[in-house]
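Count along the sequence shown from 1, then add 744; that gives the number in this note's numbering. Think of the CB as a built atom: it goes at the ideal place given N, C-alpha and C, for glycine as much as any other residue. Please read all numbers here as calculations on a predicted model, not as lab measurements.
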Amino acid sequence: MTRAVTVLATGPQALVQDLGRPGNAHLGVPPSGALDQPSLRLANRLAGNTEDTAGIESVLGGLRLRAEVSCTVAVTGPSVPVTVDGRDAGSHTPVHLRAGQVIELGSPRSGLRCYVAVSGGIAVPPQLGSRSTDLLSGIGPDPLTAGDVLPLGLPVGPPVGEDAVPPPSPADHLTIPVLLGPRDDWFADPAAQFARLTWAVSPESNRVGLRLLGDLLTRAPEFAGRELTSEGVVTGAVQVPASGRPVIFLADRPTTGGYPVIGVVAARCLPELAQARPGTRIRLRVQAYSDS
């Protein structure tokens, strides 16, 4: 029997993701990969996979899968109802499925993205060394739709049970440290502006970037109205378009940008930003390089 799971429903969005394809910026290809990598890594450990195995990133729940073969599934990320054939199964724990059983994710109580790992991993063909869906460049598998049959690899180890894996509780107010540069000199006293300004996550945010609504960042007088030649950007870069409202680039970001980057978010905070729902309040704070 072919090892596979069948997608019965996807919710708002469901994508195949692993840890991405870093190192291809010279080809114009972003790193992609799971936005909340610690959650995917945990799901894989619980399912008996290596941490870099491909799973499913589900936005706001609603994902429903039918096992076509006996397998183990683990769901991580924020707290979320998980059922098997309509009966509560729980998240953050290995769940065994018999062939024909259906696992379904409800809506997470907070946060945005849940991760589903299946023993053996989602074995779609890799592209540039990764099975991740990249929404910006179109590399990788298409977003999942009902009726998709996803092949599974062979299990590599037993499921790893843990006594207690408490799910994270994403906050509705975040204070995010930022390393200034390379274009912080384009702005009038950026540290002081960060100290007094607050933003909210826009509903137009996606895997490319977290768009922020609210106060405007003010340029230094000598840079008002100036344009910038496109230059390289990294994941976590805080780019400030002409509107003055910052965008925090995430894993499907472009590899270059033509607006000034005032700073870069500390990498340890990217999983928090991955779980920030529209309306989440964001404050940025300057971090010393010695603390990074």
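Round the Cβ separation of LEU849 and VAL828 to the nearest angstrom and send it over; I've been treating them as touching at under 8 angstroms.
That pair is no contact at about 11 angstroms.
Separation of LEU896 from ASP959, as counted between CA atoms
47 angstroms
Nearest to ALA981 by CA position, among GLY1002, PRO965, ALA964 and ILE883, is which residue?
GLY1002
Which residue or residues does DSSP assign as beta-bridge partners of TYR859?
GLU801 and THR820
With the cut-off set at 9 angstroms, would you say THR894 and VAL803 are in Cβ contact?
Rather than Thr, the amino acid found at residue 894 in this sequence is Leu. No, these two residues do not count as a Cβ contact at 9 angstroms.
Straight-line CA distance for ALA1032 to SER876?
33 angstroms
Straight-line gap, ARG747 to LEU872 (C-alpha atoms, nearest Å):
24 angstroms
Where in the region 908-969 do unbroken runs of the beta strand (DSSP E), each at least 3 residues long, occur, reported from the N-terminal end onward?
917-924, 943-945 and 953-958
Is the Cβ-Cβ distance between ILE1026 and LEU918 less than 9 angstroms?
yes
Quick one, which of LEU954, GLY764 and ARG989 has its alpha-carbon nearest LEU856's?
LEU954
As assigned by DSSP and simplified to three states, the class of LEU752
strand
Jot down the residue ranges of each uninterrupted beta strand (DSSP E) in the region 976-1000, minimum 3 residues, whole runs only, in chain order.
981-983 and 991-993
Cβ-based neighbour list, PRO1015, same chain, cut-off 6 angstroms, excluding 5 preceding and 5 following
ASP780 and PRO782
Do the CB positions of VAL922 and ALA995 come within less than 9 angstroms of each other?
no
Which residues mark the beginning and the end of the beta strand (DSSP E) in which LEU807 is found?
807-811
Is the Cβ-Cβ distance between GLU801 and LEU763 less than 9 angstroms?
no
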